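Note that the protein sequences, when read in sequence, are chains F and U.
Quick note: the first sequence uses the working numbering, first residue 716, plus one each step.
Quick note: the second sequence uses the working numbering, first residue 20, plus one each step.
A virtual CB, placed ideally from N, CA and C, is assigned to each residue, including glycine.
All figures in this text were calculated on a predicted structure; none of them were measured in a lab.
The block underneath contains the structure these notes are about, expressed in structure tokens.
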Amino acid sequence: MSRTESLQGLEKVLESFLDRAVKLKEDRLSVLGGINRLDDIAREIQTGDDITEEIGNWFAEHNGWLSGGVLRTGDQNRIGEILVEIRRELGQSDDITPALDKINSEIDRWSGVIGSPTPKIILRRPPEPAEPITSTPGTVEQFGLVFDGIHDLFAELRGTKPHLLTVLDEALKKAELQNDKEALILSGLIIYYLKQNTYKVEPYVRRLKEAERSQKQRSQ
Amino acid sequence: MLNASEKAYCLALQALKDKDYRKAAEYFDRAAPFFVENEEFNLYRETTRLLLAVKRELGAEPESDDELVIEEVFSNGQETDIR
Chain F
716 MSRTESLQGL EKVLESFLDR AVKLKEDRLS VLGGINRLDD IAREIQTGDD ITEEIGNWFA
776 EHNGWLSGGV LRTGDQNRIG EILVEIRREL GQSDDITPAL DKINSEIDRW SGVIGSPTPK
836 IILRRPPEPA EPITSTPGTV EQFGLVFDGI HDLFAELRGT KPHLLTVLDE ALKKAELQND
896 KEALILSGLI IYYLKQNTYK VEPYVRRLKE AERSQKQRSQ
Chain U
20 MLNASEKAYC LALQALKDKD YRKAAEYFDR AAPFFVENEE FNLYRETTRL LLAVKRELGA
80 EPESDDELVI EEVFSNGQET DIR
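Structure follows, in structure tokens:
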């Protein structure tokens with residue numbers, strides 16, 4: 716067998732493997748492609764584009780998802796979050812057209828079936844002088860103080876960031892570079908939350924462990 | 020909103036479905052920072068890279084963009100490749 720023939724054989728094997736791998740994922744790929752498209756539409760609204768027709772087509776094309784069995788819980792959460800985002804962006808328009816009304820009622824219909832993510836309310840307050848952490852960290856009072864600190868830190872880091880992963884990245888940086896213990900705990904909390912919602916968190920877990928190790932070394 | 024790596028992974032798989040392996044490899048590279056620990060992701064990415072390398076060897080894919088291939092034909096009819 717010549718070198719060219721060997722390479723051609725290998726080419727066929729690799730193509731066949733990738734082809735089968737994609738076929739196995741065909742259903743998932745269809746769902747992920749649909750969510751990705753919805754995400755693109757949400758981003759288009761932010762740039763001021765008119766998405767009326769596109770979102771109408773999206774709802775029509777993916778209506779079958781509502782009959783159940785296709786979407787995983789993580790998919791439903793993602794779609795719910797993006798629809799909330801779209802509604803929020805559309806709500807900023809002063810001009811309420813019939814098309815806008817129709818989109819809102821479709822969003823209501825979808826949210827009713829897949830469930831909508833619980834809206835988060837964050838109360839902001841000016842920073843207070845931090846209580847020194849005492850040597851009794853196991854008390855309810857002490858945990859309450861740390862928890863308040865974490866809450867404020869999240870509000871500070873969140874700012875106008877659109878994605879929780881960006882906030883997590885900031886929290887990890889703060890834990891790594893500023894030796895901030897509350898940032899470390901906040902990072903762990905966000906990672907656990909993301910894991911529960913089917914995100915891939917391994918790279919962040921690794922960074923969390925590195926930050927934790929670094930903090931321990933500095934405190935010794 | 021989806022993060023950029025998730026979007027890129029999804030587009031990479033779609034490119035594989037369309038048999039556009041070069042585009043798939045580009046999207047895999049974009050998705051890599053987030054999925055580098057994911058075994059399945061790495062398997063698809065490396066297989067795609069290997070396939071592209073094989074295709075390059077077979078002449079079905081162009082060499083990398085920064086490589087210039089010049090074919091010089093001499094008046095006496097002989098040919099030589101200058102790379």
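message: Closer than 8 Å is the cut-off here; do at least three beta carbon pairs connect the region 722-734 of chain F with the region 746-765 of chain F?
response: In this structure the region 722-734 of chain F does not touch the region 746-765 of chain F; the number of beta carbon pairs closer than 8 Å is below three.
message: If distances are taken between C-alpha atoms only, which option among F:Lys896, F:Ser929, F:Lys910 and F:Thr854 comes closest to F:Leu879?
response: In the first sequence, the residue the question calls residue 879 of chain F occupies position 164. With respect to the C-alpha of F:Leu879, the residue from F:Lys896, F:Ser929, F:Lys910 and F:Thr854 having the closest C-alpha is F:Lys910.
field: Buried versus exposed call for F:Leu739 [16 or more other C-beta atoms within 10 Å across all chains shown]
entry: On the first sequence, position 24 is the one that residue 739 of chain F refers to. Exposed is the call here.
- prompt: In whole angstroms, what separates the C-alpha of F:Thr767 from that of F:Leu815?
  reply: The sequence position of residue 767 of chain F within the first sequence is 52, counting from 1. The sequence position of residue 815 of chain F within the first sequence is 100, counting from 1. F:Thr767 and F:Leu815: Cα-Cα distance of roughly 7 Å.
Nearest residue (CA-CA) to F:Glu927, options F:Glu897, F:Thr913 and F:Leu781: Here residue 927 of chain F is taken as the residue at index 212 of the first sequence, counted from 1. Considering only alpha carbons, the answer is F:Glu897.
query: DSSP on F:Ile756, reduced to helix/strand/coil?
result: Counting from one through the first sequence, the residue named residue 756 of chain F turns up at place 41. In the three-state reduction of the DSSP assignment, F:Ile756 falls in the helix class.
message: Using the three-state DSSP reduction, which class does F:Thr762 fall into: helix, strand or coil?
response: Taking the first sequence and counting its residues from 1, one reaches residue 762 of chain F at position 47. For F:Thr762, the secondary structure class from DSSP, reduced to helix, strand or coil, is coil.
- prompt: Can you tell me the Cα-Cα spacing of U:Lys42 and U:Ala31, whole angstroms?
  reply: Looking up residue 42 of chain U in the second sequence gives position 23. Looking up residue 31 of chain U in the second sequence gives position 12. Spanning the two alpha carbons is a distance of roughly 7 Å.
- request: Could you please give the first and the last residue of the uninterrupted alpha helix (DSSP H) stretch that includes F:Gln893?
  value: The residue given as residue 893 of chain F occupies position 178 in the first sequence. First-last for F:Gln893: undefined, no H or E at that position.
- prompt: Which of the three DSSP states, helix, strand or coil, is assigned to U:Leu21?
  reply: The residue given as residue 21 of chain U occupies position 2 in the second sequence. For U:Leu21, the secondary structure class from DSSP, reduced to helix, strand or coil, is coil.
- prompt: With a Cβ-Cβ cutoff of 8 Å, do U:Phe53 and U:Ser24 count as a contact?
  reply: What you label residue 53 of chain U is simply residue 34 of the second sequence in a count that begins at 1. What you label residue 24 of chain U is simply residue 5 of the second sequence in a count that begins at 1. Yes. Within cutoff.
query: Under 8 Å Cβ-Cβ, which residues of chain F neighbour U:Tyr63?
result: Start at 1 with the first residue of the second sequence, and residue 63 of chain U comes out as number 44. Per Cβ cutoff of 8 Å: Leu733 and Ala736.
Proximity test, Cβ basis, 8 Å: F:Asn751 and chain U: Within the first sequence, residue 751 of chain F is the residue found at index 36, counting from 1. Yes, F:Asn751 counts as interfacial toward chain U.
task: Pick out whichever of U:Ala72, U:Gly78, U:Glu45 and U:Arg64 has its Cα sitting closest to the Cα of F:Leu733.
output: Taking the first sequence and counting its residues from 1, one reaches residue 733 of chain F at position 18. Of the listed residues, the one whose Cα sits closest to F:Leu733 is U:Arg64.
query: What does a CB cutoff of less than 7 Å around F:Gln761 pick up in its chain, not counting 5 residues either side in sequence?
result: One-based indexing of the first sequence puts residue 761 of chain F at position 46. Cβ neighbours of F:Gln761 beyond the five flanking positions: Glu804.
task: Spell out whether any CB of chain U is found under 8 Å from the CB atom of F:Thr719.
output: Sequence index remark: in the first sequence, residue 719 of chain F carries index 4 (1-based). Chain U, which has a Cβ nearer than 8 Å to the Cβ of F:Thr719, makes this yes.
- prompt: For U:Phe53 and chain F, any beta-carbon pair shorter than 8 Å?
  reply: Position 34 of the second sequence holds residue 53 of chain U. For U:Phe53, at least one C-beta of chain F is nearer than 8 Å to its own C-beta.
task: Using a Cβ-Cβ cut-off of 8 Å, state whether F:Lys740 counts as contacting chain U.
output: Locating residue 740 of chain F in the first sequence gives position 25, where the first residue counts as 1. F:Lys740 counts as touching chain U.
query: From F:Glu796 to F:Pro918, what distance separates their C-alpha atoms?
result: Residue numbering aside, residue 796 of chain F sits at position 81 when the first sequence is read from its first letter. Residue numbering aside, residue 918 of chain F sits at position 203 when the first sequence is read from its first letter. Looking at the two C-alpha atoms, the distance is approximately 23 Å.
query: In chain U, what lies closer than 7 Å to F:Gln911 by C-beta?
result: Translated into positions along the first sequence, residue 911 of chain F becomes position 196. Those do not exist, as F:Gln911 stays about 17 Å from chain U at its closest Cβ, beyond 7 Å.
message: Nearest by alpha-carbon distance to F:Leu904: which of F:Phe858, F:Pro877, F:Arg787 and F:Ile865 is it?
response: Looking up residue 904 of chain F in the first sequence gives position 189. Per the Cα distances, F:Ile865.
field: Amino acids of chain A, ordered along the chain, whose beta-carbon sits closer than 7 Å to that of U:Lys74
entry: Considering every chain present, this structure includes no chain A. Its protein chains are F and U.
- prompt: So is U:Glu56 in contact with chain F if we call contact Cβ pairs under 8 Å?
  reply: Looking up residue 56 of chain U in the second sequence gives position 37. Closer than 8 Å to some Cβ of chain F, the Cβ of U:Glu56 qualifies, so yes.
message: Tell me which residue opens and which closes the alpha helix (DSSP H) that F:Pro877 is part of.
response: Sequence index remark: in the first sequence, residue 877 of chain F carries index 162 (1-based). It is not in any alpha helix (DSSP H) - F:Pro877 carries neither H nor E in the DSSP assignment.
field: Separation of U:Gln33 from F:Ile906, as counted between CA atoms
entry: For the purposes of this step, residue 906 of chain F is identified with residue 191 of the first sequence, where counting begins at 1. For the purposes of this step, residue 33 of chain U is identified with residue 14 of the second sequence, where counting begins at 1. For F:Ile906 and U:Gln33, the distance between alpha carbons rounds to 28 Å.
- request: Report the option in F:Asp895, F:Pro813 and F:Val828 whose CA atom is closest to the CA atom of F:Gly779.
  value: Taking the first residue of the first sequence as position 1, residue 779 of chain F is located at position 64. Across the set F:Asp895, F:Pro813 and F:Val828, the C-alpha of F:Val828 shows the shortest separation from the C-alpha of F:Gly779.
- request: Taking F:Glu730 as the query, report the chain U residues whose CB atoms sit under 9 Å from its CB, ordered along the chain.
  value: The count along the first sequence starts at 1 and reaches residue 730 of chain F at position 15. Neighbours of F:Glu730 in chain U, taken as residues at a C-beta separation under 9 Å, are given in chain order as Lys38, Tyr40 and Leu70.
- request: Show which residues of chain U have a CB atom less than 9 Å away from the CB atom of F:Asp864.
  value: Within the first sequence, the letter at position 149 stands for residue 864 of chain F. The question names Asp, but residue 864 of chain F is Gly in the sequence shown. Within chain U, no C-beta atom comes nearer than 9 Å to that of F:Gly864; the closest sits roughly 27 Å away.
Beta carbon proximity, F:Asp754 to chain U, threshold 8 Å: On the first sequence, position 39 is the one that residue 754 of chain F refers to. At least one chain U Cβ lies under 8 Å of F:Asp754.
message: Can you check whether the C-beta of F:Lys915 is within less than 8 Å of a C-beta belonging to chain U?
response: On the first sequence, residue 915 of chain F is found 200 positions in, with the first residue counted as 1. So, interface residue.
field: Burial state of F:Asp895 (16 or more Cβ within 10 Å)
entry: Residue 895 of chain F sits at position 180 when you count from the first residue of the first sequence. By the 10 Å Cβ count, F:Asp895 comes out buried.
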